[in-house]
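Remarks on the structure that follows.
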Amino acid sequence: MNIDDRIERRLGHDTGAGVLVDLDAVSPVSHLESPIGRGPAIERLLDALSPAFSGSLPPSTYVHGPKGSGKSAVVAALFSRLATHSGPPRAIQTSTRAVEPTLPGFVYVDARRASTRFRLYHDALAAVTDESVPEHGIGTDDLADSLRNAIDTGPDVVVAVDHANEPETPSAMTLVEWLTDVSGHIVPVCLGRDPPDAIEWRPDATVAFARYRRHVLVELLTSRCSTGLGRDALTHDQVREIGEWASGDAHDALAAITGAAINAERAGASTIRPTDLDEGIDRVPKPSAALGRVLALSESRRRLLYELVSLPDSERSSVSVATETIASRRTVDLSASTVRRVLYELADAELLDRVTVQQSDGKGRPPSRLVPRFPTLVYRELFDRTSRFG
DNA sequence: ACCTGGTCCCGGGCTCGGTTTT
DNA sequence: AAAACCGAGCCCGGGACCAGGT
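Just add 842 to wherever you are in the first sequence, counting from 1, and you've got my numbering.
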C-alpha cells in the first residue's frame, strides 16, 4: 500500500462510507451509457438517422442546443451503441451473412481534441481501423489518403463531430469541408450551440435540444448522485435547490454537486452540509465554460490554469502580477513572456474574464484582474487526481 | 509625451514517424 | 540491421505594434 492509498483511505475515498464515492459518476465531464431523461431527443435523432436502418444514407445533420442540454451525452452514447450494430470492420465483413441491411459505420470524434485537419483525420481513422495511427511525423495529406482508403473499401461512415464553433475549435462548415474533401462516403453530423441560422453550414437535417426541464434535471441529478455519492449525502431538497439554481444546465448542476461533495469530503463530513453546497455553487461561475474545454487544453496550459486558480486573489489582481508568480513556479517551465501570452489567449477564448480595475495609482493603462470562468473547485480536484500518476 | 496593458504574428526548435544511407 | 537524415505538425518565445490611461 503506497502513501497515496493511505492518504486516500484517511480521506475516506475507499471506505464506501464517504460522501464522494465515485467522482466519475457525478462529474460534469463524464457521460453515462444510458442518458437519463432524453428519450424524446434520442427518438428525434433516430428519426433523422432512420434512412440508415433501411440501407440508404442518412442526411447530414446538425445537432444544436445550449450547454449542458445533453447533446454530447446523447450522441456519444447513441453512436457508441450504433457502432456495435454496424457491420464489423472489413476483415470479417465477407463472412457475415447479411440478415439485416448493412448499417453504415458510426464514429464519434471530439473537435476539442481534433481541432486541426491532421487531428481530425487522425481520430476518425483511429476510430475506423484497428491499426495504430501515427501521432507525428506524417503529412496531413498522407493521413487523408489513408482515411479515404479505409472508408472507400468498406461501408459508408457517419461521422459525428462534437463541439463545433467553440473558441478553440473550427466552425461546423470547416469541419464538414475537411471531412467531405476526403471522401464522398462520409456523412457529417455536427454538434454545436449556435442555432442553425447562425452558422454557415447548411445541413440536410437539424435536431434541436432544449434545456432540461426542472423535474427532468432533478431526476437526472438524483440518479447520478445515487451512484456517485454516499447514501443520503444529499437531501432531496438540496437536489431541488441545485436544479433550481442551474436553470436547466446539467453541466453546471453536476459541477456544483461535485464541488460540494469534494468540499464535504475534505472536511471529513458524513453528508453535504449547507455550507458545502453554497461553496460548491459559489465555485461555479455563471456563465461557466464547460469543464471539458479546459481539460482538452494542452498539458502546459492546464498546468498554468491550475497554478492560476491556486493563487490568492491578491496575486491575480493583474495579468502582470499573475504572470510573474506563475512563471516563477518550479512546476511551470514556460517563460514569463509565454505565460503572459497564454493568459491573454485564454481570456480571449473566454476561459478567463479580464475585469479592469479602476484604481488610479500610477500611469498607463489600468490593469485587469483575472477571474476564472470555469468550475474551479472541480478542476483542481481533477487536476490533482490525474497528475498523481506521473 | 510617456507609460503600461493588450493584440497579433511568425521564426525557430522540438518530437517523432518515415526514408535514405551506411 | 542500424544509423543518419528528413520533414511533418505543433508549441514556445519574443518582438512589433496598437489601445487606453496620466
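Note that beta-carbon positions come from the ideal geometry of N, C-alpha and C, so glycine has one too.
DSSP places R1196 inside the beta strand (DSSP E), whose first and last residues are L1194 to T1198.
Distance from the CA atom of W1020 to the CA atom of R959, rounded to whole angstroms, is 7 Å.
Comparing alpha-carbon positions, the option among L1176, P1129 and E1121 lying closest to L1147 turns out to be L1176. Sorting H1057, V1060, Y1186 and L1017 by C-alpha distance to the C-alpha of W1043 places L1017 at the top.
Taking a contact to require three or more Cβ pairs closer than 8 Å, the segment 984-996 and the segment 899-915 do not qualify as touching.
For G947, the beta-bridge partners assigned by DSSP are V999. Here L1033 carries a strand assignment [DSSP, helix/strand/coil].
Checking the DSSP bridge columns, you'll see A1047 partnered with T903.
For V1174, DSSP assigns no beta-bridge partner whatsoever. In the structure shown, P1129 falls within a coil segment according to DSSP collapsed to helix, strand and coil. In the three-state reduction of the DSSP assignment, I1041 falls in the coil class. Boundaries cannot be given for V863, as no beta strand (DSSP E) includes it and DSSP labels it neither H nor E. In this structure, the alpha-carbon of E875 lies about 5 Å from that of A919. With respect to the C-alpha of E1121, the residue from R1135, A1102, A1131 and P1127 having the closest C-alpha is A1102. D952 and L899 have their alpha carbons spaced roughly 22 Å apart.
Cα atoms of V1000 and T971: separation of roughly 15 Å, rounded to the nearest angstrom. Remark: C-beta atoms of A890 and A1002 do not approach each other more closely than 8 Å. Shown here, I1028 sits in a strand according to DSSP, grouped into three states. Below 8 Å, enough C-beta pairs join the segment 1197-1214 and the segment 1156-1169 to call them touching: three or more.
The closest CA to that of R1125, considering only E1141, I1104, R1143 and A1138, is found on I1104. Per DSSP, the continuous beta strand (DSSP E) segment holding R1211 begins and ends at S1210 to P1214. If you check the CB distance, G897 and T926 do not come in under 8 Å.
A straight-line Cα-Cα distance of about 13 Å links D1094 and L1119. Q1200 has its alpha-carbon roughly 30 Å from the corresponding atom of R1145.
When DSSP states are grouped into helix, strand and coil, L1071 belongs to the strand group. Distance from the Cα of A956 is smallest, within the candidate group L1185, G947 and E977, for E977. Taking each of L1185, T903 and L1133 in turn and checking the Cα distance to M1015, the smallest one comes out for T903.
Taking every protein chain shown into account, the CB of V1197 has fewer than 16 other CB atoms within 10 angstroms, so this residue is exposed.
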